[in-house]
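Since the structure comes first, as structure tokens, the remarks are kept for the end.
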Amino acid sequence: MSEKWKKKNGKKKRIFYDSSCSSNSSENEDIETIDNYILITKLINNRNVDIEDIKDICKNEHIEICPYYLSKENIKNADIILLPYICILNENIRNNLKINIKNNIVIFDESQNIIENINSCNSVSISNHHILFCKIILNEYIKKYKNVLNNNNIIMIKQIIVYCNLLLESFTSIQQNLININKYTLLSKLDVLNLNNISNFLNNSMFCRKIKIFTES
Numbered sequence: 001m002s003e004k005w006k007k008k009n010g011k012k013k014r015i016f017y018d019s020s021c022s023s024n025s026s027e028n029e030d031i032e033t034i035d036n037y038i039l040i041t042k043l044i045n046n047r048n049v050d051i052e053d054i055k056d057i058c059k060n061e062h063i064e065i066c067p068y069y070l071s072k073e074n075i076k077n078a079d080i081i082l083l084p085y086i087c088i089l090n091e092n093i094r095n096n097l098k099i100n101i102k103n104n105i106v107i108f109d110e111s112q113n114i115i116e117n118i119n120s121c122n123s124v125s126i127s128n129h130h131i132l133f134c135k136i137i138l139n140e141y142i143k144k145y146k147n148v149l150n151n152n153n154i155i156m157i158k159q160i161i162v163y164c165n166l167l168l169e170s171f172t173s174i175q176q177n178l179i180n181i182n183k184y185t186l187l188s189k190l191d192v193l194n195l196n197n198i199s200n201f202l203n204n205s206m207f208c209r210k211i212k213i214f215t216e217s
């Protein structure tokens, strides 16, 4: 490993990298300013490294780069990407990772499991315990932050609580084990709510992240 020094705010910052990444590298070459991001990007694009290698590189206290976002940003430079099924089959995850399958070759290992994985990654299981817990947390959140939340957020959170109540009631009121979504929406009275508004609120705000942090605190 070679080392170079980067001068920042009057202090020298040491950056480690593999000198084999550059044919012009030399221990005797003049010290130059090196950008952390460009340097590490050059390293991972010229070596066969996995996510654990990148994590170890970015763990250095002198390198203030998040390994996840560094990997995500450099997907576009990769020739071969190894991913779990769900990262390809689920459109939202695929778009979030900026994975473009158009005009690319996709190879599935153990392809006999594709149908099962398609069903799995596009399905969700939820119990009354999950819903009840969600309702309790939302009530606690409003109780704690009601003085700082704006009216729109309070309204949306209360609508989600109503949604939870309707779901909980449906566990006892609907006796059928298998039912199509339209019929379930009518029987559970979920159609009284604007589910698109709730969905937009959850997808386009930071609320899910905030409630997760609140739950874990």
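If you're matching positions, the sequence shown starts at 1 in UniProt numbering and goes up one per residue.
No residue lacks a Cβ here, since even glycine has one placed at the ideal position from N, Cα and C.
Quick one: does the C-beta of residue i sit closer than 7 Å to a heavy atom of the ligand SAH?
i      : result
Arg209 : This structure lacks the ligand SAH; in fact it carries no ligand of any kind.
Between which two residues does the alpha helix (DSSP H) holding residue i run?
i      : result
Phe201 : 195–204
Gln176 : Premise fails: Gln176 is in no alpha helix (DSSP H) and is neither H nor E.
Phe133 : 128–145
Leu89  : 85–89
Leu187 : 181–187
Glu216 : 207–216
Glu52  : 51–58
Ser111 : Looking at the DSSP string, Ser111 is not in any alpha helix (DSSP H), and its letter there is neither H nor E.
Ser125 : Note, Ser125: premise wrong, no alpha helix (DSSP H); not H, not E.
Lys98  : Element bounds for Lys98: n/a, residue is neither H nor E.
Leu70  : 67–73
In whole angstroms, give me the CA-to-CA distance for residue i and residue j.
i      : j      : result
Lys55  : Lys98  : 20 Å
Val124 : Ile80  : 30 Å
Cys58  : Tyr85  : 27 Å
Asn150 : Gln112 : 50 Å
Glu140 : Asn197 : 22 Å
Ile174 : Lys102 : 43 Å
Tyr69  : Cys208 : 20 Å
Ile211 : Ser199 : 15 Å
Phe171 : Val49  : 49 Å
Asn60  : Val192 : 53 Å
Asn204 : Ile154 : 16 Å
Phe133 : Ile38  : 45 Å
Glu110 : Val148 : 52 Å
If we count the other Cβ atoms within 10 Å of its Cβ and call it buried at 16 or more, is residue i buried or exposed?
i      : result
Tyr163 : buried
Trp186 : The amino acid at residue 186 is misidentified as Trp; the sequence shows Leu. Exposed: under 16 other Cβ atoms inside 10 Å.
Ile31  : Annotation note: pLDDT 36 at Ile31 (below 50); position unreliable, no value reported.
Leu195 : exposed
Cys66  : exposed
Ile114 : exposed
Lys40  : Rather than Lys, the amino acid found at residue 40 in this sequence is Ile. The residue in question, Ile40, is buried, as its Cβ has 16 or more Cβ neighbours within 10 Å.
Are residue i and residue j close, meaning C-beta to C-beta below 8 Å?
i      : j      : result
Leu166 : Lys143 : no
Leu83  : Ile118 : no
Asn128 : Leu168 : yes
Thr215 : Ile137 : yes
Counting only the same chain and skipping the five closest in sequence on each side, list residues whose C-beta sits under 6 Å from that of residue i.
i      : result
Phe201 : Met156
Lys7   : Annotation note: pLDDT 41 at Lys7 (below 50); position unreliable, coordinate value reported separately. Cβ within range, chain order: n/a, list empty.
Apart from the five residues just before and just after residue i, which ones in its own chain have a Cβ nearer than 7 Å to its Cβ?
i      : result
Asn45  : Asn74, Asn77
Cys87  : Ile93, Arg94, Leu97, Ile99
Ile160 : Leu138, Ile198
Does any C-beta atom of chain E lie closer than 8 Å to the C-beta of residue i?
i      : result
Tyr141 : No chain E appears in this structure, which consists of one protein chain only.
What does a CB cutoff of less than 8 Å around residue i pick up in its chain, not counting 5 residues either side in sequence?
i      : result
Ile213 : none
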